[in-house]
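Asks: Going down the list, the sequences are from chains A and B.
First residue of the first sequence? That's 1 in my numbering, and the numbers climb one at a time after it.
First residue of the second sequence? That's 1 in my numbering, and the numbers climb one at a time after it.
Every residue, glycine too, gets a C-beta built ideally from N, C-alpha and C.
Here it is, the structure in full.
There are 2 protein chains.
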Amino acid sequence: MGEEQGLKAKKEDFKAWYAEVIKQAELIEHTRVSGCMVFRPWAYFMWEQIQKYFNKEIKKLGVENLYFPMLIPKSIIEKEEGHIKGFKAEVAWVTKGGDSKLEEPLAIRPTSESVMYDIFSKWIRSWRDLPLKINQWCNIVRWEFKTPTPFLRNREFLWQEGHTVYASKKDAEEEVLKILRLYEKIFKELFAVPVIMGKKTPKEKFAGADYSTSIEAILPDGKTIQAATSHHLGQGFAKAFGISYLDKDGKRKLPYQNSWGISTRSLGVVIIAHGDDKGLVLPPALAKYQAVIVPIYTNKSKDLVLEEARALLRSLKGVRAYLDDSDKSPGWKFNHWELKGVPLRIEIGERDLKANQVVVVKRTGEKKIIKRSSLNVKALLKEVHDELYNKALDVLNSKIKTVYNKKELYDAIKSGFVAKSCWCGDESHEDELKEKLGAKSANMPFSEKLFSDKCAFCGKKAKYVVLWSRQY
Amino acid sequence: MGEEQGLKAKKEDFKAWYAEVIKQAELIEHTRVSGCMVFRPWAYFMWEQIQKYFNKEIKKLGVENLYFPMLIPKSIIEKEEGHIKGFKAEVAWVTKGGDSKLEEPLAIRPTSESVMYDIFSKWIRSWRDLPLKINQWCNIVRWEFKTPTPFLRNREFLWQEGHTVYASKKDAEEEVLKILRLYEKIFKELFAVPVIMGKKTPKEKFAGADYSTSIEAILPDGKTIQAATSHHLGQGFAKAFGISYLDKDGKRKLPYQNSWGISTRSLGVVIIAHGDDKGLVLPPALAKYQAVIVPIYTNKSKDLVLEEARALLRSLKGVRAYLDDSDKSPGWKFNHWELKGVPLRIEIGERDLKANQVVVVKRTGEKKIIKRSSLNVKALLKEVHDELYNKALDVLNSKIKTVYNKKELYDAIKSGFVAKSCWCGDESHEDELKEKLGAKSANMPFSEKLFSDKCAFCGKKAKYVVLWSRQY
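Have a look at this one:
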């Protein structure tokens, strides 16, 4: 604990606010290696909740967890051309073991397609071996040279990567969406953040994929963040890694592949979407402590109040509750647990004992006096979740501006909006937008239909609806 | 699945048996990097069971999970002298990011003391910050140059490492044993393997520790394996990394530290302890499928039998059961699931339907016909567990030879036993034993009392009881 200071205002100096809140709320700790951070228990707990939820869901889909080695020989990671082109600049290389130089440099996985698919070619022989559906939870290293930002751009981060192989393209493509919808559900139910499902433009797709889909969140400052991705890899990797199967008709065929992932990057979304000038605001599903009980007593009433507080704690079944009976002042505790983002604070003092009540303060703002007999903490947590979700939904809805020409599009982005436009598909528009405003396509939402026959950039025939944005 | 061949006899050619069984039972897959293996779902599932069990138990002790970065700057990993001496030869070094040479080489963690304790020195300021109790599940790289053996000696493996800091030496030392007993419990309840708890000799302790304790398993060939360790680090690391706290008395003091771990190495114990010439024999607590139902039918009875088999599957609540309704022959299925080590096979055929019975075959050997109404799969699984444990306990008891002089000691080890002797504490005896027989001290069992006043090696005054063995 220790050194808590006031935070900078989130709106006025976002960067400072973010840097302070993740540190003071004990989510991360920097180490001596730039971009490599400790995920402290308060953050790691959130990650564990995501793991539990996701593991349960993918098990239903027949996906099995396993673990592949982290080190990939240079010759293997370079096998699929498009893939290595996308990752080469950010690979960390192991070149020495003990005092000996290695014969071949080993890449630390920036993603595991290459090391996995090299092995899949051994596992897959006949149609009986399909579909193959596996997933792993692991660490990933991408040696980016941009300024690292905790969670959002770490050089080492944690993720899950699912990899599946199908005989039929249709089955593979169905799974791409099934998984994307699962990610959306995670954001809705655990993060309390609505997201937009869509397809990435070809320029922004995963290196080596046929196409990529993503969920994108829109944050209060109008920037978007790619929160998770689900890729259809087609047959490109199968070709490069020699994965084929003998079909029932006696013919040897190439299978279709997918890969999909969500990473600790997503935790950045929680912090930015919900946090305020007092600190974190955690959705109940991710908070290690969902409710903190703060006893308020004088020297005289201490024993009595603490006893009742303990009884209250015991009565909160199925809730992750914590009694802060430390010797700090109530005011210090209020600030501390607000900073940490605990969804509910329950105050209990001498006066409350007599009136058989507690004071409940939702981290989302409301303060209520509630009779002990009608205290329903689970319902209150649900309220907090819904309030967070609805507020984030308002952001999402209010931050998208529909635009019809280039000026409107550029103006929207410059003034902190996500621009929704029709687009002809010409990548040069993307290049120009990136160069001029540092903005990119977020995705092409599945829910949108062409609302103009003209591309907002050039007036030529429009083919797609795209969200354009500055991005985390 | 695919290519299953008969296994070599375990007793006749252990190395070949081991290599074949882990491959054919789909536990591991070799990759192109020597010593780096895929933990396939059948093996990874076991690891997940260990994780679940352990997480639940350490949570009760107030230990929190977190995640520290994997990359450790050379200057940090070299800070504690004894520590780096123990690990230097097997560190894998990252020297390049993208195309750029790194300013300082980064070690891939061979263990995390150094990277963690460098940070602990920031987190620990006052007595209020103690005890600090954290744990992480992660991958570890040790670039050993001995021949890698899957599970037992991987260059990359998975483990949990707990790290705790206490104000009081007594509290720290109590925890060392608490954790060791927890590891013993895991081996008993999940692995069905009895182990011996004891202290390592100073020569075999963890690099940088005050002392180490371990659990050691004795395998059927008389070799031992260190199955998990719990170390008391004293104040050495605290000194090296500048960890100190302001005590209640206003004085700055050095705290006491522990670290403890269990790794995927432990899965090797399951394989070797219980496996037989037909393949794996898995303890029910670790088996992904605890019971496999094999329907036996003719073309005519197929629908009826399958229907009943499905009903049986549904009725097995709280058991990880699997119905093998593939088109392979019953004989193929028997062999396959025996190879995979599934604890129970339940056969159901036309005749059984009529008699309202099933045929149950325990992987430990027994075959019974059981009326459907009295089928108690959980009780049968308990029987399998107990049979495995008792058999392993027989091995443990029969493989220890109490010896009183050097000849007896050397003879015992040469003929495949673990030698139990009294010892004066002189390391030169250990050196000689290692040189001559390739044997070492396993540990000094807590349960043993001096049974001779003479050291078995030299006849001088004995101080300790030690188990000497060849080791995995």
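Leaving out five residues on either side along the sequence, give the residues of the same chain with a beta carbon under 6 Å from the beta carbon of ALA442 (chain B).
Replies: So the list reads GLU216, THR224, LEU467 and SER469, once near-sequence residues are dropped.
Asks: If you draw a straight line from the alpha carbon of GLU427 (chain B) to that of SER374 (chain B), how long is it in whole angstroms?
Replies: Answer to the nearest angstrom: the Cα atoms are 59 Å apart.
Asks: Mind checking the stretch 89 to 101 of chain A against chain B and listing, in chain order, the residues whose C-beta falls within less than 7 Å of any C-beta there?
Replies: Under the 7 Å Cβ criterion, the stretch 89 to 101 of chain A contributes ALA89, GLU90, VAL91, ALA92, TRP93, VAL94, THR95, LYS96, GLY97 and GLY98.
Asks: What residues from chain B crowd round PHE68 (chain A), counting only those whose CB sits closer than 7 Å?
Replies: Result: VAL38.
Asks: Could you pull out every residue in the same chain whose Cβ sits closer than 7 Å to the Cβ of VAL21 (chain B), ignoring the five residues on either side in sequence?
Replies: Once the five neighbours on either side are set aside, the close Cβ partners of VAL21 (chain B) are LEU7, ILE271, GLY275, GLY279 and LEU280.
Asks: Return the chain-ordered list of same chain residues with a C-beta closer than 6 Å to the C-beta of MET1 (chain B), the five sequence neighbours on each side being excluded.
Replies: Caution is warranted here: a pLDDT of 42 is assigned to MET1 (chain B), below 50, making its placement in the model unreliable, and no coordinate value can be reported.
Asks: Exposed or buried, what is ILE124 (chain B) when buried is set at 16 or more other beta-carbons lying within 10 Å of its beta-carbon?
Replies: Label assigned to ILE124 (chain B): buried.
Asks: Of all the residues that make up the stretch 53 to 79 of chain A, which are near chain B by a beta-carbon distance shorter than 7 Å?
Replies: Within the stretch 53 to 79 of chain A, the qualifying residues are GLU64, ASN65, LEU66, TYR67, PHE68, PRO69, MET70, LEU71, PRO73 and ILE76.
Asks: Count the other CB atoms, across all protein chains shown, that sit within 10 Å of the CB of ILE119 (chain A); report buried if there are 16 or more and exposed otherwise.
Replies: That one is buried.
Asks: Expressed to the nearest angstrom, what Euclidean distance is found between the alpha-carbon atoms of LYS146 (chain A) and ALA167 (chain A)?
Replies: If I take the Cα positions, the gap works out to 40 Å.
Asks: If the cut is a Cβ gap below 8 Å, which residues of chain A does THR147 (chain B) touch?
Replies: Under the 8 Å cutoff, chain A gives no residues; its nearest Cβ is about 15 Å from THR147 (chain B).
Asks: Put MET197 (chain A) into one of helix, strand or coil per three-state DSSP.
Replies: It is a strand residue.
Asks: Any idea what DSSP makes of LEU306 (chain A), helix, strand or coil?
Replies: Looking at LEU306 (chain A) - three-state DSSP - the assignment turns out to be helix.
Asks: From the DSSP output, read off the bridge partner residues of THR224 (chain A).
Replies: Looking at the DSSP assignment, THR224 (chain A) forms a beta bridge with A:ILE218 and A:GLN471.
Asks: Near PHE206 (chain A), what residues of its chain come up, given a Cβ to Cβ distance below 7 Å and the 5 sequence neighbours on each side ignored?
Replies: Hits under 7 Å: SER212, THR229 and HIS231.
Asks: Could you give the distance in angstroms between the alpha-carbon of LYS248 (chain B) and the alpha-carbon of TRP127 (chain B)?
Replies: Computed Cα separation, rounded: 7 Å.
Asks: Considering only the alpha carbon of each residue, which of A:ARG314, A:MET46 and A:LYS368 lies closest to ASP352 (chain A)?
Replies: That would be A:LYS368, whose Cα lies nearest to the Cα of ASP352 (chain A).
Asks: Report the start-end ranges of each beta strand (DSSP E) in the stretch 55 to 99 of chain B that is 3 residues or longer and not cut off at the edges.
Replies: The stretch 55 to 99 of chain B contains these whole beta strand (DSSP E) runs: 71 to 73 and 92 to 97.
Asks: Could you pull out every residue in the same chain whose Cβ sits closer than 6 Å to the Cβ of LYS460 (chain B), ignoring the five residues on either side in sequence?
Replies: For LYS460 (chain B), where only same-chain residues beyond five positions count, the Cβ hits under 6 Å are CYS424.
Asks: Looking at the strands, I want to know which residues DSSP matches up with MET444 (chain B).
Replies: Answer is B:LYS199.
Asks: Under 7 Å Cβ-Cβ, which residues of chain B neighbour VAL115 (chain A)?
Replies: Going along chain B in sequence order, the residues near VAL115 (chain A) (Cβ under 7 Å) are THR31.
Asks: If you measure between the beta carbons of GLU29 (chain B) and VAL38 (chain B), is that distance less than 7 Å?
Replies: Cβ atoms of GLU29 (chain B) and VAL38 (chain B): closer than 7 Å.
Asks: Indicate whether at least one CB of chain A lies closer than 7 Å to the CB of ILE124 (chain B).
Replies: So no, ILE124 (chain B) is outside the interface.
Asks: Is the Cβ of PRO110 (chain A) closer than 7 Å to any Cβ of chain B?
Replies: No, PRO110 (chain A) lies away from the interface with chain B (no Cβ there is under 7 Å from its Cβ).
Asks: Thinking C-alpha only, which one of A:ILE140, A:ILE50 and A:ALA273 is nearest LYS492 (chain A)?
Replies: Nothing about residue 492 (chain A) can be reported from this structure: the residues present for chain A run from 1 to 472 only.
Asks: Please classify ILE496 (chain B): does DSSP put it in a helix, a strand, or coil?
Replies: Since the first and last residues shown for chain B are 1 and 472, residue 496 (chain B) lies out of range.
Asks: Just grab the DSSP bridge partners of TRP423 (chain B) for me.
Replies: TRP423 (chain B) is bridged to B:TYR464.
Asks: Does DSSP put ASN390 (chain B) in a helix, a strand or coil?
Replies: Correct three-state label for ASN390 (chain B): helix.
Asks: May I have the straight-line CA-CA distance separating LEU323 (chain B) from GLU338 (chain B), to the nearest angstrom?
Replies: If I take the Cα positions, the gap works out to 15 Å.
Asks: So, with DSSP's three-state summary, where would you put LYS188 (chain B)?
Replies: Three-state DSSP puts LYS188 (chain B) in a helix.
Asks: For chain A, is any of its Cβ atoms less than 7 Å away from the one on GLU20 (chain B)?
Replies: For GLU20 (chain B), the answer is no, since every Cβ of chain A falls outside 7 Å of its Cβ.
Asks: What is the DSSP secondary structure of PHE457 (chain B), counted as helix, strand or coil?
Replies: PHE457 (chain B) falls in the coil class under three-state DSSP.
Asks: So, does the CB of ILE474 (chain A) fall closer than 7 Å to a CB anywhere in chain B?
Replies: Outside the displayed range of chain A (1 to 472) lies residue 474 (chain A), so it cannot be described from this structure.
Asks: Quick one: any contact between the stretch 103 to 110 of chain B and the stretch 48 to 65 of chain B, if contact means 3 or more CB pairs under 8 Å?
Replies: Flag = no, the stretch 103 to 110 of chain B and the stretch 48 to 65 of chain B do not touch.
Asks: In terms of residues, what are the limits of the alpha helix (DSSP H) holding SER121 (chain B)?
Replies: Start and end: 113 to 123.
Asks: Give me the chain A residues within the contact set of LEU158 (chain B), using Cβ-Cβ distance strictly less than 9 Å, ordered along the chain.
Replies: What LEU158 (chain B) touches in chain A: TYR67.
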